Every structure is written in C-alpha cells, then in structure tokens.
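K.L.:
Pasting in a structure now, in structure tokens, and then I'll have a few things to ask.
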Amino acid sequence: MTGMDRPRRLRRTPAMRRLVAETTLQPRQLILPMFVADGLDEPREISSMPGVYQHSMDSLRKAAVEAVTAGVGGLMLFGVPRQEDKDADGSQASDPDGILNRGLRALVQEVGGSTVVMADTCLDEFTDHGHCGVLNDSGAVDNDATLRRYVEMALAQADTGADLLGTSGMMDGQVGAIRAGLDAAGHTDTGILAYAAKYASAFYGPFREAVASSLEGDRRSYQQDPANRREAIRELALDLAEGADIVMVKPAMSYLDILRDVADRSTVPVAAYQISGEYAMITAAAQNGWIDRRAAILESLMGIRRAGADMVLTYWATEAAHWLS
Ligand code: PBG
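Going by full-length UniProt numbering, the sequence shown opens with residue 1, and the numbers climb by one from there.
Have a look at this one:
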C-alpha cells in the first residue's frame, strides 16, 4: 500500500493545518453594520437580534471606536428616523439634518481617518410606506422617480464625508445615476458599494424590526427571485458597467453559489452581507445550547470568505475581530 494517497498527513498537527490553510479570516475583512436612531438617549437592544442595538448618537460613537480599535475594515450605517418624520418621498434621507446624515458626520469625525465609513443609500427607512423607492399613482415603485431621490440622498451623504455609498434599493440604473450625480457635483472621490445581487429574502425579518420598518407586503418587484442564478450575473455586469467600486451579494449563507459566481467574474472587490436572519438563527441556536456559538460564527464567516467574499458585513464584526487578533 505504499502508493496510497494520504490527505490526512496535512491535517495531523495544528502547525501543519495552519501552514496549509487556504482561506484567511482577518479583522480588516469585516464590516460592522450599525443603526443610529433619532431621539434615543440610551441604546436600545433589538429583541430579535440580541446583542445588536439601535444606537443613540453617543453610543454610536463609542461602538464605532470599539470596532475600529478591534481592527474592523469598515462601518456601514443605517438610520432610524422618528415615525412622525417619515413621508411618502422619504424626505429625511436627503436632509443634511436627518438622522442618517447626522450619524455619518459623527462617524467621519470620530473614526474617519482610521476606517472606511459607509452609508446605506436607500429610502426604505425613511418612507411611510416602507418601500425602497417612491410610489406612482397606482402604488407601484416608480423606478426613475426613485433614481432622482437616490441622487439627492447620495449628494447629502457625500457631503458628510462618507467614503462609500451602499446602493441597496435594487432599482435599475441606480449605480449609473448616482455616479453621474456625484461626479457632476465634484464628489469624484466618493465610491459606490453596489448591492449587485440582492434577493427578496425572508431572512431580512429581524432587520425590519431593527429599522422600525413600515413595510406591508414585500419587495419582490425589485429584489431578486431566490430561484434565479443567471440574473445575478446580469445585475453584476450592469453595476460594473455603471461604475461600481465594490459589488455585494446579499444575503450570504443561502446564496454562496451566487457569491462564487460573482467572485469568479467581478473585476472589482466583492462583499457579502451576513444578514439579520443569519445572525438571529445562530444566536438563537447558541442560546439554546444547540451549537457552539463562537465556533459557529467563525465557521460561517470562513464559509462566506471561502465562497469568494473579499469582505463580509456581519453584526459580529467587532467581537470576531477581537477573537481573530
Ligand atoms: C433595505 C435593506 C434591508 C437590509 C439592508 N438594507 C432589508 C430589506 O431589503 O428589506 C437587510 C439587512 C439585514 O437583514 O441584516 N434597504
């Protein structure tokens, strides 16, 4: 049996396994999504995401410093306006004094030099109907009218000094419209993190609580059908042609095949978003003692990296960064 192939030789000792590991997981590859809510004095825990908070302006700054000290590569900020400040157009999204833009300025001021500050560029948190765009007379999401609002929102966000704008609305032409708007206003250095393939997922459930969403119904007329794979390549090609600086696949864990497809074809860095429902599932199973929390978190992140993500948005970014450094 001298000729028998023995793969176990390379698994025998921790030193050998370390030597031959193909995929890395490092703090700089992790991005922390954060929520800042208007009118909060104290951070408020999100019940379906234990350990994740809607931040006050104060606690946002503290959590950002903690994340950056732990070495995370970036921060992605979402805004939660007061219910009474929502309207059909999501006006607060483009108001320099809206909660998201105030939060972005705070992040840029606090940690701007030491990490990458990213803004969610989407209307859903700010509209009273909860959709990612504005509606036409028959109640459908109006693609091109929404693009005009996205450009206004993008300009206000660029003015805060945010580095990257996360276009998460899945409107056709959003990357191109925002790129043109930014360039025309002289914001040529503001980049676009394009949600290229974003699926209509049940796993966004806890996020809807996190941002106090007003949505009734679903987003299937603009987010992708989970049945479709080829469509993700079409979306990727469009976002690249329109000027995306980084592209994203979302959710991550139920879409690892899509992530691999995108990573194999993209000419720019690829991100993946480990979303709220993925966080909630692992957290709940761990709380029940059904899985080893830390091992499950690290394995899930490694799997997303192995599938092709250069960077991963994860609500565990700070904690995982501590473990990894
Ligand atoms: C919408 C948006 C969503 C998430 C990020 N941006 C939810 C949705 O599309 O309904 C989900 C993030 C998560 O679930 O963690 N702009």
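Even glycine gets a Cβ: it sits at the ideal position worked out from N, Cα and C. It should be emphasised that the depicted structure is a prediction, and the values quoted were computed from it without experimental measurement.
Whose C-alpha, out of G90, I99, E66, G74, is nearest the C-alpha of V80?
P.N.:
Against the sequence shown, residue 80 aligns to sequence position 80. Nearest option by C-alpha distance: I99.
K.L.:
Please tell me whether L10 has its Cβ less than 8 Å away from any Cβ of chain D.
P.N.:
In the structure shown, chain D does not exist; there is a single protein chain.
K.L.:
With distances taken from each beta carbon to the nearest heavy atom of the ligand PBG, which residues come in below 5 Å, in chain order?
P.N.:
Those residues, listed in chain order, are C122, D124, S168, Y204, F207, I275, S276.
K.L.:
Can you give the Cα-Cα distance for A16 and K62, rounded to whole angstroms?
P.N.:
Counted from its first residue, the sequence shown places residue 16 at position 16. Counted from its first residue, the sequence shown places residue 62 at position 62. First, the amino acid is wrong: residue 16 is Met here, not Ala. Their Cα atoms are separated by approximately 40 Å.
K.L.:
Within the continuous beta strand (DSSP E) that includes A196, where are the two ends?
P.N.:
Counting from 1 along the sequence shown, the entry for residue 196 is found at position 196. Here the beta strand (DSSP E) through A196 covers 191-198.
K.L.:
To the nearest angstrom, how far is the alpha carbon of G39 from that of F78?
P.N.:
What you label residue 39 is simply residue 39 of the sequence shown in a count that begins at 1. What you label residue 78 is simply residue 78 of the sequence shown in a count that begins at 1. Spanning the two alpha carbons is a distance of roughly 15 Å.
K.L.:
Whole-angstrom Cβ separation of A70 and P27, contact assumed at under 8 Å?
P.N.:
Against the sequence shown, residue 70 aligns to sequence position 70. Against the sequence shown, residue 27 aligns to sequence position 27. About 6 Å separates the two Cβ atoms, so the contact holds.
K.L.:
Would you mind sorting M171 into buried or exposed? The rule is 16 or more other CB atoms within 10 Å of its CB.
P.N.:
Numbered from 1 along the sequence shown, position 171 holds the residue referred to as residue 171. Buried, by the Cβ-count rule.
K.L.:
Could you name the residues of the same chain whose beta carbon sits closer than 8 Å to that of Q20, not counting the 5 residues immediately before and after it, in chain order?
P.N.:
If you number the sequence shown from 1, residue 20 lands on position 20. The displayed chain sequence assigns Val, not Gln, to residue 20. Here the set comprises L10.
K.L.:
L30: which of L240, E319, M311 sits nearest, CA to CA?
P.N.:
The residue given as residue 30 occupies position 30 in the sequence shown. With distances taken between Cα atoms, L30 lies closest to M311.
K.L.:
With a CB to CB cut of under 7 Å and the five nearest residues on each side skipped, what residues in its chain are close to P33?
P.N.:
Looking up residue 33 in the sequence shown gives position 33. Same-chain partners within the cutoff: M76, F78, L313, Y315.
K.L.:
For D120, count neighbouring C-beta atoms within 10 Å of its own C-beta (all shown protein chains included) and say buried if the count is 16 or more, exposed if not.
P.N.:
Sequence index remark: in the sequence shown, residue 120 carries index 120 (1-based). Buried is the call here.
K.L.:
In whole angstroms, what is the alpha-carbon distance linking E84 and G74?
P.N.:
Here residue 84 refers to the residue found at position 84 when the sequence shown is read from its first residue. Here residue 74 refers to the residue found at position 74 when the sequence shown is read from its first residue. Near 31 Å, if we compare the C-alpha coordinates of G74 and E84.
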